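Residue numbers (the numbering used here), protein chains in the order written: chain A, 906 to 1019; chain B, 4 to 114.
Quick notes on the structure that follows.
Pasting the structure below:
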């Protein structure tokens, strides 16, 4: 596997506070992704990156920003957390061993906004 | 309308029974991926299908791709409690490095 680590694994934060989630990979993959998983919605793409400092928006990017200053790290920031952002967040990279566009996922971050 | 439809949404089966999960795309398939998620954990890759008529197996799980119907079916033979979890299908588009996922099928296996 791509050796993806997400941190923190769990977080509870208050409405209005900024929150940063970290995704770290060890295999120098170019593409990295942030998804959120919600009941009834499945996995939805928030942002993705196709290289250092190269990022683009996904389906549900409002209220989120990302940064990628190093190949191995992809940060997701909730600029001012809202209750609607309570979710499980998954990071992924493309893992060629799984097919042309197959993903390897991190273990997820469970975020609760109170 | 949903780009990728999975059915059923949930399934409860007795241990030892066979079952099938379907994934239908409203867009042209360039690759279809099956993942399994155990409750509260990350997603694990099962298999990838790319060509019409292709069939792959992983232990007691078999997936087939019907290119004409733009559909894949995942079949589990003689289900076990270890098969319980959420099964998700994902598709890649032409020239796209992103996967779009279905909403998932929640499988429970009763011992």
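Beta carbons: idealized from backbone N, C-alpha and C, even for Gly.
In this text the structure is predicted, and so the values were computed from the model without any measurement.
Looking at chain A, is there any beta carbon in it that lies within less than 8 Å of the beta carbon of residue 30(B)? Closer than 8 Å: no.
What residue does the beta strand (DSSP E) around residue 965(A) start on, and which one ends it? First-last for residue 965(A): undefined, no H or E at that position.
Spell out whether any CB of chain A is found under 8 Å from the CB atom of residue 110(B). No, its Cβ sits nowhere closer than 8 Å to a Cβ of chain A.
Quick check: the Cα distance between residue 913(A) and residue 72(B), rounded to an integer number of angstroms? One C-alpha to the other measures close to 42 Å.
Beta-carbon within less than 7 Å of residue 970(A)'s beta-carbon, same chain only, minus the 5 sequence neighbours each way: which residues are those? Correct list, in chain order: 982, 984.
Can you say whether residue 997(A) is buried or exposed, counting buried as having 16 or more other CB atoms within 10 angstroms of its CB? Looking at its Cβ environment, which holds 16 or more other Cβ atoms inside 10 Å, residue 997(A) is buried.
What does the alpha-carbon distance come out to for the pair residue 960(A) and residue 1010(A)? Computed Cα separation, rounded: 18 Å.
Using DSSP with H/G/I as helix, E/B as strand and the rest coil, what is residue 990(A)? Helix.
Strictly by DSSP, which residues pair up with residue 182(B)? The question about residue 182(B) has no answer here: the residues shown for chain B are numbered 4 through 114.
Does residue 95(B) get closer than 8 Å to chain A when you measure Cβ to Cβ? True, the Cβ-Cβ gap to chain A drops below 8 Å.
With 8 Å as the threshold, decide whether the Cβ of residue 101(B) is near any Cβ in chain A. Residue 101(B) counts as touching chain A.
From the DSSP secondary-structure annotation, give me the bridge partner or partners of residue 54(B). Bridge partners of residue 54(B): none, in fact.
Counted within 10 angstroms of its Cβ, other Cβ atoms place residue 917(A) as buried (16 or more) or exposed: Counting the other Cβ atoms within 10 Å of the Cβ of residue 917(A) gives fewer than 16, which makes it exposed.
Local Cβ density within 10 Å of residue 922(A), reported as buried at 16 or more and exposed below that: By the 16-neighbour rule on beta-carbons within 10 angstroms, residue 922(A) is exposed.
Which value, in whole angstroms, describes the spacing of the CA atoms of residue 33(B) and residue 81(B)? Spanning the alpha carbons of residue 33(B) and residue 81(B) requires a straight line of approximately 30 Å.
Just checking: is the beta-carbon of residue 44(B) within a distance shorter than 8 Å of some beta-carbon in chain A? Chain A contact via Cβ: present.
Cβ separation of residue 1(B) and residue 1007(A), assumed to be a contact under 8 Å, to the nearest whole Å: Any question about residue 1(B) goes unanswered here, given that chain B covers just 4 to 114.
For residue 16(B) and residue 105(B), what's the separation of their Cα atoms in angstroms? Taking the straight line joining both Cα atoms gives about 21 Å.
Looking only at its chain, what residues have a beta carbon closer than 6 Å to the beta carbon of residue 39(B), apart from the 5 residues adjacent to it on each side? Cβ within range, chain order: 47, 49, 88, 90.
DSSP three-state call for residue 934(A): helix, strand or coil? Three-state result, residue 934(A): coil.
Alpha carbon to alpha carbon, what distance is there between residue 1016(A) and residue 946(A)? When rounded, the distance between both Cα atoms is 16 Å.
If you measure between the beta carbons of residue 1021(A) and residue 941(A), is that distance less than 8 Å? The question about residue 1021(A) has no answer here: the residues shown for chain A are numbered 906 through 1019.
Is it true that the CB of residue 968(A) sits closer than 8 Å to the CB of residue 990(A)? Inclusion of residue 990(A) and residue 968(A) in the CB contact set at 8 Å is warranted, their separation being smaller than that value.
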